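Chemist:
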Amino acid sequence: MTTALGGAVEVAEGVVVESRAIARLTATAARSVDGVVSLEPTLLGFVADLGRQLRDVITGRDVADPVDGIQVSAEPAAVRLGVALSVGGRPAREVSVEVSRTVRDNVQHNLGVRVDEVRVTVVDVALIPPEARVPQQQVAAVAP
Amino acid sequence: MALNPPRRRFPSTGRLPCGRSVDALWDSVVSGAELDHHSASCPHCQTALDGLRALHSATRQLVDEEVSAPPSLLERVMRVVRTEARSGETVPLVSGPDPARISTKAVAAVVRFAVDTQPGAVLRARRCEVHAPVDAVDVLDVRVEVLVPEGYRLHEAALRQRIEAVVSAHVGMRLRELTLDVVEADTREGAT
Amino acid sequence: MSDLQQEETSSADIDDATLATRAADGDVAAFEMLLRRYQDRVFGLALRMLADRAEAEDVTQEVFVTAWRRLGELAEPAAVRTWLFRIAHRQCLVLLRKRKSRKTEPTDTVPETAAVTRHDPERAAQTGAGVEALRKALAGLPAPQRAVWLLAEVDGLSYAEIAGVVGASEQSVRGRLSRARAKLAEVMRAWR
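Protein chains in written order, with the numbering used here: chain V, 1 to 144; chain B, 1001 to 1192; chain H, 2001 to 2192.
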């Protein structure tokens, strides 16, 4: 089942981690990566709560949620994560690789949840002026 | 105010009882031209001219009013637009156990940016197609329409180099095929 | 480093055809430039057609969201301006029809006068009495005549462009404009 709001993963007998907690940690980890401009809600991400969310998009009310742009597919003992984001100031490819690694490490180590897969979707590339970002040489040094 | 007075001084035929057309009188009000002998003395024309002059002056005031869309409108529309744009097609960006994809629209925007900001040229990118070749990984095929000023000689090699460099810097992928469709600007275009 | 450089690209010098082509191609930034360029004009037309700010705002939002979704169908990208007016015109007429059936207004002769009373009173105080009289007179016109008059006098469109916007022949546009002008002049004369 795929949801950003419901569902849970059993990490040990009787120990359950809710999808929402996983989504929050995923969002925090993804945002910490240099070159991530923002997490982006996609129409795909709205599937969980289609009616309300779509209406909100149309009326323009603020739907910002700490788990915008994150999808959590909870399986009995593991998760698949989806992250949709905008990048900028650094090659999208490098940013994606680092986001996957950071998210995977954080969710596995901090929540003890096994991560089967992290799927990153870059929905936008912000053409950011370089002076607003760290120099590229430094960026290259932290890239995998 | 009576919108439908019993006696119409402006008949729907557009002609006054004296035979003059309302449109002709309107033109004289707008141009400020001097009235001919008939209109200067004809009561039908004078009555009509009163109304047309009042209309002309009120119209000018109406046209001069500043009407601005509320500031929130732009954000509301763009929110819908961005959300819909995101649900578009993607191509592989990273393969492996943790795959990543990138929206073709995002790549196209980077390509257009490269074209538009080519130093020393006034180029405009238009249509841009981005495909992932089925028989190769980590590369993209790009086709872009480039609008050049009339009579301008495009330095194609330099533009190719720049597009490749900008895509590499922002996306981190190489281009396998880069097709440039060069179109000379039609100077009549956009003169609306 | 220079590849990541954002150079000065002013939106003012990008022609409509380029922006429309790009927006049809999914370029969000190009669409935003079109929106910035024409939102006030579209809002102005809707406001004067409907005499209701909230409804004009809704229509304007709907016009641009529709435009975003259907730009691909626009055969002549340079004509995006009149195309936006066409969508706006259609939406306004739809809304006026709905309003009419909701209110079950008794006659055709005074179709939208009710809307005038909802007009922003602050605005009325700021502007001249002549403009207010004109606004009332406009509300008394049948919607198709009002639209033609606004497109001609306020937006400065040619007969051919108006014909395209309202989906009528040039001949019939001339007729409508002439009748609208005559009726407005009559009301304005009475007001004076």
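Here a beta-carbon is modelled for each residue, glycine too, at the ideal position from N, C-alpha and C. In this text the structure is predicted, and so the values were computed from the model without any measurement.
Under 6 Å Cβ to Cβ from V/V11, same chain only, skipping five residues before and after it: list those, please.
Modeler: Closer than 6 Å at Cβ, skipping near neighbours: V17, G112 and V113.
Chemist: Please list the terminal residues of the continuous alpha helix (DSSP H) segment that includes B/Q1046.
Modeler: That run of the alpha helix (DSSP H) goes P1043 to D1064.
Chemist: Between H/T2060 and chain B, is there a C-beta pair that is closer than 8 Å?
Modeler: For H/T2060, the answer is yes, since a Cβ of chain B falls inside 8 Å of its Cβ.
Chemist: Can you tell me which of B/A1185, B/G1032 and B/L1055 puts its alpha carbon nearest to the alpha carbon of B/R1153?
Modeler: The option with the nearest alpha carbon to B/R1153 is B/A1185.
Chemist: Taking DSSP's pairing of strands, which residues face V/Q71 in a bridge?
Modeler: For V/Q71, which the question treats as bridged, DSSP gives the partners V/G82.
Chemist: For chain B, is any of its Cβ atoms less than 8 Å away from the one on V/A8?
Modeler: Output row for V/A8: interface = no.
Chemist: Starting from the Cα of H/R2048, find the closest Cα among H/R2176, H/V2165, H/D2155 and H/R2179 and give me that residue.
Modeler: Comparing Cα-Cα distances from H/R2048 to each of H/R2176, H/V2165, H/D2155 and H/R2179, the minimum goes to H/D2155.
Chemist: Compare the C-beta of B/H1170 against all C-beta atoms of chain V and say whether one is closer than 8 Å.
Modeler: Chain V contact via Cβ: present.
Chemist: Looking at the structure shown, is B/L1205 part of a helix, part of a strand, or coil, going by DSSP?
Modeler: Beyond the ends of chain B as shown, which are 1001 and 1192, falls residue 1205 of chain B; an answer cannot be given.
Chemist: Hey, how far is the Cα of B/H1056 from the Cα of V/V87?
Modeler: Approximately 55 Å, taken between the alpha carbons.
Chemist: Per DSSP, what are the beta-bridge partners of V/D124 in this structure?
Modeler: Its beta-bridge partners are V/S86.
Chemist: Which class does B/S1068 belong to by DSSP, given the choice of helix, strand or coil?
Modeler: Of the three classes helix, strand and coil, the one that applies to B/S1068 here is coil, per DSSP.
Chemist: Going along the chain, which residues of the segment 2177 to 2192 of chain H sit with their C-beta nearer than 8 Å to a C-beta in chain B?
Modeler: Listed in sequence order: S2178, R2179, R2181, A2182, K2183, L2184, A2185, E2186, V2187, M2188, R2189, A2190, W2191 and R2192.
Chemist: Since H/R2029 meets chain B, which of its residues come closer than 7 Å, beta carbon to beta carbon?
Modeler: According to the sequence displayed, residue 2029 of chain H carries Ala and not Arg. Under the 7 Å cutoff, chain B gives A1109.
Chemist: Just grab the DSSP bridge partners of B/T1090 for me.
Modeler: Note: B/T1090 sits in a beta bridge opposite B/S1103.
Chemist: Given a limit of 7 Å on CB to CB distance, which residues of the segment 2013 to 2026 of chain H reach chain B?
Modeler: Listed by position along the chain: I2014, D2015, D2016, A2017, T2018, T2021, R2022, D2025 and G2026.
Chemist: Across the segment 2042 to 2058 of chain H and the segment 2017 to 2031 of chain H, are there enough close Cβ pairs to call them in contact, namely three or more that are closer than 8 Å?
Modeler: Not touching, per the Cβ criterion.
Chemist: B/V1063 touches chain H at which residues, Cβ-Cβ below 8 Å?
Modeler: Residues of chain H passing the Cβ test: E2153 and V2154.
Chemist: Report the neighbours of V/D124 on chain B: residues whose CB is nearer than 9 Å to its CB, in chain order.
Modeler: Ordered by position in chain B, the residues that pass the 9 Å Cβ test against V/D124 are R1082, A1085, R1086, S1103, K1105, A1106 and A1109.
Chemist: Going by DSSP, what residue range makes up the alpha helix (DSSP H) through B/E1129?
Modeler: No alpha helix (DSSP H) holds B/E1129; the beta strand (DSSP E) holding it covers R1124 to H1131.
Chemist: Name the chain A residues whose beta carbon is nearer than 7 Å to that of B/T1179?
Modeler: This model lacks chain A altogether, as its protein chains are V, B and H.
Chemist: State the DSSP-derived secondary structure class of B/R1015, mapped to helix, strand or coil.
Modeler: Strand.
Chemist: Nearest by alpha-carbon distance to V/N110: which of V/I22, V/L81 and V/A77 is it?
Modeler: The option with the nearest alpha carbon to V/N110 is V/I22.
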